[in-house]
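Okay, so here's the structure we're looking at.
There are 2 protein chains.
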Amino acid sequence: MKVKNSRLDAIRLILSTQEIGSQEELLSELEKEGFKLTQATLSRDLHQLRVVKTVGVQGRYRYVLTRPHQYRHAGEQGEVRAVTTPQEVTGFLSIKFSGNIAVIHTKPSYASTLAYHIDNYDFPEIIGTIAGDDTVMMIIAENVTRAAVLRVLRTIIPNI
Amino acid sequence: MKVKNSRLDAIRLILSTQEIGSQEELLSELEKEGFKLTQATLSRDLHQLRVVKTVGVQGRYRYVLTRPHQYRHAGEQGEVRAVTTPQEVTGFLSIKFSGNIAVIHTKPSYASTLAYHIDNYDFPEIIGTIAGDDTVMMIIAENVTRAAVLRVLRTIIPNI
DNA sequence: TTCATAACTGTATATTTATTCTTTGCGAAC
DNA sequence: GTTCGCAAAGAATAAATATACAGTTATGAA
Numbered sequence: 001m002k003v004k005n006s007r008l009d010a011i012r013l014i015l016s017t018q019e020i021g022s023q024e025e026l027l028s029e030l031e032k033e034g035f036k037l038t039q040a041t042l043s044r045d046l047h048q049l050r051v052v053k054t055v056g057v058q059g060r061y062r063y064v065l066t067r068p069h070q071y072r073h074a075g076e077q078g079e080v081r082a083v084t085t086p087q088e089v090t091g092f093l094s095i096k097f098s099g100n101i102a103v104i105h106t107k108p109s110y111a112s113t114l115a116y117h118i119d120n121y122d123f124p125e126i127i128g129t130i131a132g133d134d135t136v137m138m139i140i141a142e143n144v145t146r147a148a149v150l151r152v153l154r155t156i157i158p159n160i
Numbered sequence: 161m162k163v164k165n166s167r168l169d170a171i172r173l174i175l176s177t178q179e180i181g182s183q184e185e186l187l188s189e190l191e192k193e194g195f196k197l198t199q200a201t202l203s204r205d206l207h208q209l210r211v212v213k214t215v216g217v218q219g220r221y222r223y224v225l226t227r228p229h230q231y232r233h234a235g236e237q238g239e240v241r242a243v244t245t246p247q248e249v250t251g252f253l254s255i256k257f258s259g260n261i262a263v264i265h266t267k268p269s270y271a272s273t274l275a276y277h278i279d280n281y282d283f284p285e286i287i288g289t290i291a292g293d294d295t296v297m298m299i300i301a302e303n304v305t306r307a308a309v310l311r312v313l314r315t316i317i318p319n320i
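Going down the list, the protein sequences come from chains H and X. Under this note's numbering, the first residue of the first sequence is numbered 1, with each subsequent residue one higher. Under this note's numbering, the first residue of the second sequence is numbered 161, with each subsequent residue one higher.
As structure tokens, then:
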């Protein structure tokens, strides 16, 4: 059970940071991380995580997480997890505000990746995100200006 | 191609109203509508529509529409095509407001379809939606009344 | 018109993914 | 310790899906 849980974490991490187009591809990434399993097990893992195979902008297939918010709750009792290396996140299209909520639109299939990175930085200005396929909703902390939100997001999305 | 376009429309209609778990299943539905095609063509259609195979709440697979972006751009040189045929969207149960957020409850598995239609109309009153299985969250633009939101939604959900 | 090109489709097949069946591992209760 | 119960995983295979190839049809330019 311990192995499986850390494997599920690894899958989430990989899918959030790389463009994976098939289970075989994901399998070899997992092997690099030291996990040993078969495609059958991986298929079951993906089913459990409710990962879906979407079609990206260039028509390429891509496995994406459908529920990035679960990731946060997955790590139990203050487990320290490596934050991903700062990197430019592509796919950003626009951001709009209404009240204490920001709505980001992305290219298709990029929303969960973007939300993952925003979550990962754990900006105090942003208390939570939720992602669909091409939309990320962010709840902004109280007494935080929109300019401040844009400023912190700029570390992830330079051209925001 | 005239045939292909109406077939794509039919696919979107079917996926919006039924739970389809495989291409073969969708194929037979299309045959009932008078379309004659093979699984190969259907696979290509689904790819073009960016339809994805998701995992539903009971663990069953289901094909669902994602976002219409590519479809929109697919129309050549200013061709006017109905975004979606105005149609009643089923599954609606209730709508509640809190601040600039509206929460719509639907019958199980209908949320993404409803959100899809709302997005499709691109109402300026609604800056974004996110759907789970039976819940849609909508962010309402500032200085827009709830009555105005209900009014525009009525084009999709008559009995709202 | 005629030619060139692009779009569309079916057939056959390759590829990919899900599942059945079986075995293994692991913890709890005895 | 042993046995029971059950989650987990592999091997093999079924099922489902994507695609290479070829043929056809539409589209557009000259």
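For each residue, glycine too, the CB sits at the ideal point set by N, CA and C.
In this structure, residue 222(X) lies near residue 179(X), with their beta-carbon atoms less than 7 Å apart. DSSP, reduced to helix, strand and coil, places residue 256(X) within a strand of the structure shown. In the DSSP secondary-structure assignment, residue 128(H) is bridged to 139(H).
Only 259, 260, 261, 272, 275 from the segment 252-278 of chain X bring a Cβ to less than 9 Å from some Cβ of chain H. From the beta-carbon of residue 302(X), the residues of chain H found nearer than 9 Å are 97, 98, 99. Rounded to the nearest whole angstrom, the C-alpha separation of residue 152(H) and residue 112(H) is 18 Å. With respect to the 7 Å criterion, residue 39(H) and residue 23(H) are classified as neighbours on the basis of their beta carbons. Taking 7 Å as the CB threshold, residue 60(H) stays off the interface with chain X. Rounded to the nearest whole angstrom, the CA to CA distance from residue 98(H) to residue 92(H) is 18 Å.
When beta bridges are read from the DSSP output, residue 222(X) appears opposite 214(X).
Taking 7 Å as the cut-off, the Cβ atoms of residue 265(X) and residue 295(X) count as close. Nearest C-alpha to residue 186(X) among 224(X), 162(X), 319(X): 224(X). Collapsing the DSSP output to three states places residue 101(H) in a strand. Among the residues of chain X, those whose CB is under 8 Å from the CB of residue 137(H) are 288, 290, 297, 299, following chain order. For residue 55(H), the C-beta contacts it makes with chain X under 9 Å involve 206, 207, 208, 209, 210, 211, 212, 226, 230, in order along the chain. At a cut-off of 7 Å between beta-carbon atoms, residue 122(H) makes no contact with chain X. The beta carbon of residue 285(X) is closer than 6 Å to those of 301, 304, 308, 309, 312 in its chain, skipping five residues each way along the sequence. With fewer than 16 other CB atoms across the displayed protein chains lying within 10 angstroms of its CB, residue 194(X) is exposed. Contact check for residue 101(H) against residue 160(H) fails: the beta carbons are separated by 7 Å or more.
Annotated three-state conformation of residue 41(H) is helix, per DSSP.
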